[in-house]
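Notes to accompany the following structure.
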Amino acid sequence: MKPTIAQQINTLLYYLQTKQTPPFEILFWENLQKIDFDYSANSLQQLSRFFAAMAKRHIQLPQLLANQSGQALVVALAAYIADYLAKTTGQPIAWYDYDRMSAQLARQNKYPTQSQLPADFYASLTARIGHKVYCQPLKLLPDLLQGKDVLPQFIAQMTQTLYQQSQVNLLQSPEVVCQGYLAKVKTGKLQDAAIAFSTYLAAVNFDHSRDSLVQIDEALSAIQQAFGFTQADYLDFLQDASHQAFCYLLGFYIGVTSSRLANAPVRWVSFAQMYDSLGEAFAECLEHSFVLLFEDCYRTPMLVVTNRLFGLASSFPTTAAEFADILQRQNAGHLAVYPYQDAVSATADLPAHWTSAMQAAGALVASVLSRLSQGQPIVPCVYQAHSSDNIGDELTVFNPSNIKLLSPSDTDLDTVRATDTDTDKLIDSLYQTLHQNPQLAPIIVGCFDSYTNLPMGRTEGIVIEIWVYENPRLQLQLVLPYQSANDWHSLKIYPLVSHQNSAQAAITSEQIIALTTDFYQALLSTPLTQNTAVKMLWQDACVNQLDSWVLPPKDQRIQQQNAQLVTHFDFTLLPILDNQPNVNMAAFDYTSIDWRGFDLAKHILQASHHEQGYLQVYVSDNLIKDELYRQVEATEDLYRYGKVVWGVVIKSDTALTEPMSEEERDTPFANYRVSCADILFDPSGQARLEDLQAKASQLKDAIGRVNQPPNATPDVAFYQLHCQDDTSRVFNLAYPASIAATNYRITTSWIWRRHLPNGMLSNSIVPIIIHTNAYQNKPEQGEIMVLPSQLWDKAYYHYWLSLAYEQFGQDYDLLPYIHWQQKYAQDSTDAATQKRLWPKFKPNRAPSRTPNRAQSSAIGLMSDKLENPMPATAKQQATIQQAAIQQTTGQKLADVQPTLQPFIASTSQTPKASPSSLSNELTQQLMNDKLRLQTQLSTKDTAKDKKLLVIAIGGVLVLIIMVILVKLMR
3 MKPTIAQQIN
13 TLLYYLQTKQ
23 TPPFEILFWE
33 NLQKIDFDYS
43 ANSLQQLSRF
53 FAAMAKRHIQ
63 LPQLLANQSG
73 QALVVALAAY
83 IADYLAKTTG
93 QPIAWYDYDR
103 MSAQLARQNK
113 YPTQSQLPAD
123 FYASLTARIG
133 HKVYCQPLKL
143 LPDLLQGKDV
153 LPQFIAQMTQ
163 TLYQQSQVNL
173 LQSPEVVCQG
183 YLAKVKTGKL
193 QDAAIAFSTY
203 LAAVNFDHSR
213 DSLVQIDEAL
223 SAIQQAFGFT
233 QADYLDFLQD
243 ASHQAFCYLL
253 GFYIGVTSSR
263 LANAPVRWVS
273 FAQMYDSLGE
283 AFAECLEHSF
293 VLLFEDCYRT
303 PMLVVTNRLF
313 GLASSFPTTA
323 AEFADILQRQ
333 NAGHLAVYPY
343 QDAVSATADL
353 PAHWTSAMQA
363 AGALVASVLS
373 RLSQGQPIVP
383 CVYQAHSSDN
393 IGDELTVFNP
403 SNIKLLSPSD
413 TDLDTVRATD
423 TDTDKLIDSL
433 YQTLHQNPQL
443 APIIVGCFDS
453 YTNLPMGRTE
463 GIVIEIWVYE
473 NPRLQLQLVL
483 PYQSANDWHS
493 LKIYPLVSHQ
503 NSAQAAITSE
513 QIIALTTDFY
523 QALLSTPLTQ
533 NTAVKMLWQD
543 ACVNQLDSWV
553 LPPKDQRIQQ
563 QNAQLVTHFD
573 FTLLPILDNQ
583 PNVNMAAFDY
593 TSIDWRGFDL
603 AKHILQASHH
613 EQGYLQVYVS
623 DNLIKDELYR
633 QVEATEDLYR
643 YGKVVWGVVI
653 KSDTALTEPM
663 SEEERDTPFA
673 NYRVSCADIL
683 FDPSGQARLE
693 DLQAKASQLK
703 DAIGRVNQPP
713 NATPDVAFYQ
723 LHCQDDTSRV
733 FNLAYPASIA
743 ATNYRITTSW
753 IWRRHLPNGM
763 LSNSIVPIII
773 HTNAYQNKPE
783 QGEIMVLPSQ
793 LWDKAYYHYW
803 LSLAYEQFGQ
813 DYDLLPYIHW
823 QQKYAQDSTD
833 AATQKRLWPK
843 FKPNRAPSRT
853 PNRAQSSAIG
863 LMSDKLENPM
873 PATAKQQATI
883 QQAAIQQTTG
893 QKLADVQPTL
903 QPFIASTSQT
913 PKASPSSLSN
923 ELTQQLMNDK
933 LRLQTQLSTK
943 DTAKDKKLLV
953 IAIGGVLVLI
963 IMVILVKLMR
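Residues in the sequence shown are numbered from 3 upward in steps of one, following our numbering.
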């Protein structure tokens with residue numbers, strides 16, 4: 003027999019956790035044994051390193067899936083990731099293969115065409131975590147095998163999703179709300195970080211014992227001491243939804259635990275229900291949102307929590323333990339539970355009519371359970387024994403024809419419809435029959451579906467009334483509680499309970515035990531056609547304790563079956579489908595990114611050593627011969643004084659639209675072909691991106707319509723000639739006025755492919771760096787460059803990669819390769835390579851991000867030694883700034899909010915000083931950043947030049963002395 007999906011998954015997880023050698027081969031098993039699969043955060047870090055090691059060796063999915071051992075590895079690691087989410091959030095998990103998941107979707111969706119699951123590799127394994135969240139962990143593997151550290155982000159997002167899905171809807175019935183909150187601690191520990199103060203509750207063992215209440219009191223005391231809450235903080239405290247959830251959780255737990263300890267039947271009611279009964283005397287507040295209702299009073303356990311934290315009511319208990327003790331003294335119940343015991347006979351001697359009555363009750367309930375097992379509603383019914391059933395002076399055990407439905411129109415049990423009857427009237431009719439006994443029957447047994455209050459709260463139950471009219475008379479009420487199947491478990495049937503004490507029933511406790519034993523025997527041995535179905539239902543659903551979280555036997559057997567280890571791996575994985583377009587790709591919201599607030603100079607200034615290496619570009623031999631070399635020379639100024647705007651690619655080399663070769667990716671510092679693109683942009687950065695795209699489209703249409711330059715306007719003809727020559731370059735070219743009157747510019751830009759997320763133009767919209775004075779239309783200010791992608795907005799970075807994935811089936815992210823090259827110094831292997839890297843970053847002479855007064859002064863002095871001075875206006879500002887810096891008291895960088903660059907020009911021809919709206923401190927800080935940037939970013943070595951100057955002067959002096967000596971000798 004082929005093992006089930008769950009058995010295979012649990013077998014893989016078992017061997018991962020125990021490190022025992024499995025009976026089948028798993029690829030890289032020796033390496034897996036070094037990982038602690040203990041569901042800790044450290045296990046995820048180790049797992050990420052394992053994937054990074056495979057990525058370094060360029061191991062991809064097709065290689066792993068080529069054999070059975072590799073498939074076992076893939077499924078095991080994907081299953082552990084999903085199981086980690088389930089374990090750490092306290093949620094149940096179920097496994098589906100493609101066929102089972104497709105069937106599940108078909109059942110849930112009434113539109114079959116919308117529920118079709120793509121038949122690809124990633125749909126081979128699906129995990130349902132909790133009751134609403136489905137996860138396909140195989141989708142993580144491509145990114146992990148490319149060295150991307152996506153696992154922490156995935157776990158964080160999925161954990162948040164699971165917590166959000168487990169949020170309780172307060173508009174549901176009070177019992178459902180209570181069950182929703184108690185589900186968060188059903189494992190004994192709170193595993194919902196969305197609940198406030200969850201760390202303080204980590205030590206509480208939620209096992210419904212009095213000790214757990216004491217632990218809650220200790221946690222509340224620790225919270226009160228840590229935050230020093232007073233009554234004045236109460237209203238602000240309740241404004242936070244997580245604080246409210248904290249109060250609800252503890253209030254429900256304290257109420258249910260206290261009622262269980264007191265064995266008191268209870269039910270939860272809402273404020274609206276209490277208000278309907280008590281009117282305006284019952285004030286609306288959080289503590290009254292859900293109230294615990296007893297037989298003759300009500301309690302507000304939520305008040306225990308807020309009273310402990312804020313001291314709201316001096317006369318109310320301030321500890322959960324005290325609250326439970328009061329319930330024990332004042333509200334202790336007398337609920338009796340009679341569990342089912344197999345192969346046990348009644349020990350007490352009972353009157354014959356009593357035994358016959360219990361046998362009739364068991365048979366009647368068997369017919370009801372038969373309907374329940376078939377998913378049919380429970381209809382009130384009555385059984386009346388008749389004198390014609392007597393054999394001699396004794397009643398027969400049971401006559402099925404004596405079952406009657408309490409309905410004026412239907413008397414056949416098999417044809418009744420629940421909607422045909424008014425249940426309340428039928429129940430009234432049943433009790434009227436019991437009291438009047440119009441047919442003078444010796445025994446009447448009735449049952450109906452209702453609700454019953456138990457210490458764990460209110461639940462469904464079959465109420466059984468057993469009346470014997472001959473001496474000794476008997477009037478006994480029993481309830482068979484049950485819980486319908488829900489998200490947490492399948493159908494559960496609890497043991498019989500009685501809310502009567504022995505005095506009220508006028509019988510001893512031993513007699514009641516004997517009566518219930520007869521009932522169970524009759525229930526499971528009724529000679530009816532439904533007997534087999536009832537027995538199977540009882541075996542699947544019967545639990546012998548009143549506990550909401552005890553699994554019924556059916557669920558326990560499934561768990562045990564799923565936990566059985568298998569000896570071979572036979573999991574069916576669907577093939578990987580390449581180049582599948584993502585038709586559901588959502589458009590990116592470009593308005594969410596505002597480059598006007600992007601402080602480029604500050605990002606360059608604060609770059610680490612590795613980040614500086616990434617910001618540099620490599621000058622190849624081909625580029626030195628190209629006019630685009632001027633862009634390389636302008637890189638320093640672009641980083642120093644540039645600003646970021648959106649650009650739209652009009653045309654580009656074909657190579658830029660295709661993935662990089664492995665050689666170019668792995669050895670970027672070589673003489674590769676120069677790749678460039680014409681980019682349209684607005685120098686002011688104010689244009690709407692939609693308009694830029696429209697203008698680029700119009701220009702492409704214009705040069706495409708015209709076959710010969712004479713047929714076009716001069717500006718369009720010029721650009722068409724440019725497009726026809728692959729070696730032609732344009733800088734700060736005005737957009738053709740014959741198409742539209744606009745201030746847009748066109749520049750040919752050399753694309754350093756490592757500065758794109760994946761080394762190619764996956765999109766025509768790209769952020770670029772331009773000169774702040776580019777609007778002046780000067781050729782020497784027309785150079786632009788692509789903004790290095792590690793400075794991009796993360797959302798757009800991933801959108802860019804997703805576009806590549808949509809087209810090629812891979813995103814070709816370069817970041818993992820760049821990180822490896824940085825880690826192993828493969829990006830700067832020799833001095834020759836270093837000489838070709840621009841711009842030249844000097845060591846950071848002021849590493850402290852928070853300079854004191856002396857450091858600030860030193861920075862100001864160093865700026866005077868720069869060979870490449872700032873413009874005159876900037877020099878004046880620097881002089882003023884230096885004097886201002888010397889008067890400061892060590893203003894910290896962290897105290898200043900980042901803003902626009904200080905030298906951004908307006909529409910005038912001369913650069914302006916910082917706007918007057920900037921505060922003095924902000925102006926000082928921005929100038930300080932600029933001066934520090936200039937000491938770090940320079941293409942000339944002033945120290946080396948000084949040494950050469952000294953040597954030259956010394957040589958001249960020696961020559962002069964030698965000339966003088968020669969003249970004296972003559």
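Beta carbons are placed, not taken as given, at the ideal position from N, Cα and C, and that holds for glycine.
In the DSSP annotation of this structure, the continuous segment of the alpha helix (DSSP H) that includes Cys180 starts and ends at 176–184.
Around the beta carbon of Tyr433, a 10 Å sphere encloses fewer than 16 other beta carbons of the protein chains shown; the residue is thus reported as exposed. The region 730–748 and the region 656–664 do not touch, with fewer than 3 CB-CB distances between them shorter than 8 angstroms. Short of 6 angstroms from the beta carbon of Thr454, and not among the five residues preceding or following it, lie these beta carbons of its own chain, in chain order: Gly463, Val481, Pro483.
Under the DSSP assignment, Ala96 falls in the beta strand (DSSP E) whose first and last residues are 95–98. Residue pairing for Trp270: DSSP places it in a beta bridge opposite Leu294.
The three-state secondary structure of Gly784, taken from DSSP, is coil. Rounded to whole angstroms, Thr163 and Val179 show a C-alpha spacing of 20 angstroms. Of all alpha-carbon atoms in Pro319, Gly459, Glu467, Arg460, the one lying nearest the alpha-carbon of Val447 is that of Glu467. In the three-state DSSP reduction, Cys678 falls in the strand class (E or B). Excluding five sequence positions before and after Gln246, the CB atoms of its chain that fall closer than 7 angstroms to its own CB belong to Leu240, Leu288, given in chain order. Taking 8 angstroms as the cut-off, the beta carbon of Leu682 is found closer than this to the beta carbon of Ile652. Of all alpha-carbon atoms in Tyr342, Ser452, Leu329, the one lying nearest the alpha-carbon of Pro379 is that of Ser452. Residue pairing by DSSP places Asn455 opposite Arg460 in a beta bridge. Out of Gly644, Ile445, Leu143, the CA that lies nearest to the CA of His773 is found in Gly644.
Distances from the alpha-carbon of Ser50 to those of Gln485, Arg59, Ile37 put Ile37 closest. DSSP places Pro483 within a strand segment (E or B) once states are collapsed to three.
In the three-state reduction of the DSSP assignment, Val968 falls in the helix class.
Excluding sequence positions up to five before and after Thr189, its CB lies within less than 7 angstroms of the CB of Gly92, all in the same chain and listed in chain order. Its Cα nearest to that of Pro670, the residue Gln618 stands out among Ala129, Gln618, Trp270, Arg301. Burial state of Pro154 is exposed, judged by a 10 Å Cβ sphere holding fewer than 16 other Cβ atoms. A contact is defined here as three or more CB-CB pairs under 8 angstroms, and the region 273–289 fails this definition with respect to the region 216–232.
Within the DSSP bridge table, the entry for Cys287 names no partner. In this structure, Leu311 places its C-beta atom within 8 angstroms of the C-beta atom of Ile225. With contacts defined by Cβ atoms closer than 8 angstroms, Leu839 and Tyr620 form a contacting pair. Its chain contains no residue whose beta carbon lies nearer than 6 angstroms to that of Pro94 once the 5 sequence neighbours on both sides are disregarded. Here Cys137 is bridged, per DSSP, to Ala129. Scanning its chain for C-beta atoms nearer than 7 angstroms, with the 5 sequence neighbours on each side dropped, one finds around Ala266 the residues Phe296, Leu329, Asn333, Ala334, Gly335, Pro457, in chain order.
Between Val206 and Ala323, the gap from beta carbon to beta carbon reaches 8 angstroms or more.
Within its own chain, the residues whose Cβ lies closer than 6 angstroms to the Cβ of Ala96, once the five positions on either side in sequence are excluded, are Arg130, listed in chain order. Relative to Leu371, the option among Gly253, Arg331, Leu539, Pro382 whose CA is nearest is Leu539. Taking a contact as a CB-CB distance under 8 angstroms, the pair Lys494 and Gln485 counts as one, their CB atoms being some 5 angstroms apart.
The alpha-carbon separation between Gln9 and Ala565 amounts to approximately 6 angstroms. Of the candidates Val381, Thr518, Ser279, Leu172, Thr518 places its Cα closest to the Cα of Tyr340. By the beta-carbon neighbour count (other beta carbons within 10 angstroms, threshold 16), Asp668 is exposed. Pro382 and Thr90 have their C-alpha atoms some 45 angstroms from each other.
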